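S.K.: Numbering (the UniProt record's numbering), first residue to last: 1 to 367. Positions of the beta carbon are idealized from the N, C-alpha and C atoms, including for glycine. Quantities reported herein were computed from a predicted structural model and do not represent experimental measurements.
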């Protein structure tokens, strides 16, 4: 067994300098801890000798130029390479404005972090001998420059991807993008609430990757810890730095008898200055703000409950999303009617035989 690479994944940083923070009564994430939490992670990563760091989008709170500039300066000081892709919160309008950056400006700002061609918001980089990374842009915009509700990969980018994959036959390649291309929740691609976190034309991507033998995608956006797999293609989505349970991952990629093994270890930020009980505080923060989300979930397809019914059951589910975000959850709500019990049990981390299958946080994957 030989070590090919040790790398880390930190997603959805939502970096926000204190004076840029704006509040919303229903937001689940605590951007207030973004900078101290990031500093704690970077200190840890400098101690464990990683080869590179992956940041799959939503680098800043909401496209603020000031927050992007702060992050670029911080990443430039690191002793290891960093690779990024844009998330929907990094470029909130294609053209930007006096306060927020454009997509072109994103590429220019982060040119030291993967972007080999200043004219394209996607790239191919040879990270190490025998290991390649493709970073994609899953942000789509309409003719007026407004963002699509879902992720999107345009035809020009897909044509470029075909060219790259043709050159990478039999070479280990990882793909990073912000939006999910595989489902991480039951029928995610069929749900209005779930679709917003996915690439709308995901099959155009996944079919290409499967045909080329690409084994792994790394994504964010959903703010949950989850590992999904279909037909030999894995997708690891990583929870948000600023949302419970404040996770990050360290992965070791090794070669074993001509096969590639990925060992994933997940860590959590337990506390930061001024937030000494971050895990408990953040969990309660999410529960306290869960009511509008749970109401929408219960009154939407496929449950279609009345508002009165939803209001009756919502308190039982106040910790539902925190448990989803943690990964490896088992869901059982005996207080709910059988129909609702069966529905929420489908979110459990179980295999096809109904047995627990804990791979969302710590796992070994054969690629």
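What are the complete alpha helix (DSSP H) segments, minimum 4 residues, inside the region 104-182?
M.R.: Within the region 104-182, the complete alpha helix (DSSP H) runs of at least 4 residues are 155-167.
S.K.: Count the other CB atoms, across all protein chains shown, that sit within 10 Å of the CB of residue 258; report buried if there are 16 or more and exposed otherwise.
M.R.: Residue 258 should be labelled exposed.
S.K.: Please work out which residues of its chain come closer than 6 angstroms, Cβ to Cβ, to residue 185, disregarding the five sequence neighbours upstream and downstream, and give them in chain order.
M.R.: Cβ within range, chain order: 194.
S.K.: With DSSP collapsed to three states, give me the class of residue 279.
M.R.: Note: residue 279 maps to helix in three-state DSSP.
S.K.: Buried or exposed: where does residue 170 fall if 16 or more other Cβ atoms within 10 Å of its Cβ makes it buried?
M.R.: Its Cβ having fewer than 16 others within 10 Å, residue 170 is exposed.
S.K.: Drop a sphere of 10 angstroms on the beta-carbon of residue 140, count the other beta-carbons inside from all chains shown, and report buried for 16 or more, exposed for fewer.
M.R.: Buried, because 16 or more other Cβ atoms sit within 10 Å of the Cβ of residue 140.
S.K.: Give the straight-line distance between the Cα atoms of residue 279 and residue 64, rounded to the nearest whole angstrom.
M.R.: About 27 angstroms.
S.K.: Measuring CB atoms only, is the region 318-334 touching the region 288-297, in the sense that at least three cross pairs come out at less than 8 angstroms?
M.R.: Flag = yes, the region 318-334 and the region 288-297 touch.
S.K.: Count the other C-beta atoms from every protein chain shown that fall within 10 angstroms of the C-beta of residue 86, then say buried if there are 16 or more, exposed otherwise.
M.R.: So residue 86 ends up on the buried side.
S.K.: Looking at C-alpha atoms only, which residue of 114, 285, 35 is the closest neighbour of residue 25?
M.R.: When only C-alpha atoms are compared, the closest one is 285.
S.K.: How is the alpha helix (DSSP H) around residue 43 delimited, first residue to last?
M.R.: 34-47 is the span of the alpha helix (DSSP H), which, as asked, contains residue 43.
S.K.: Just reading off the alpha helix (DSSP H) that residue 80 is part of, what are its end residues?
M.R.: Per DSSP, residue 80 belongs to no alpha helix (DSSP H) and is neither H nor E.
S.K.: Looking at the structure shown, is residue 29 part of a helix, part of a strand, or coil, going by DSSP?
M.R.: Coil at residue 29, not helix or strand.
S.K.: Taking the straight line between their C-alpha atoms, what separation do you get for residue 35 and residue 353?
M.R.: Looking at the two C-alpha atoms, the distance is approximately 42 angstroms.
S.K.: Buried or exposed: which applies to residue 149, given that a residue is buried once 16 or more other Cβ atoms fall within 10 Å of its Cβ?
M.R.: Per the 10 Å Cβ criterion, exposed.
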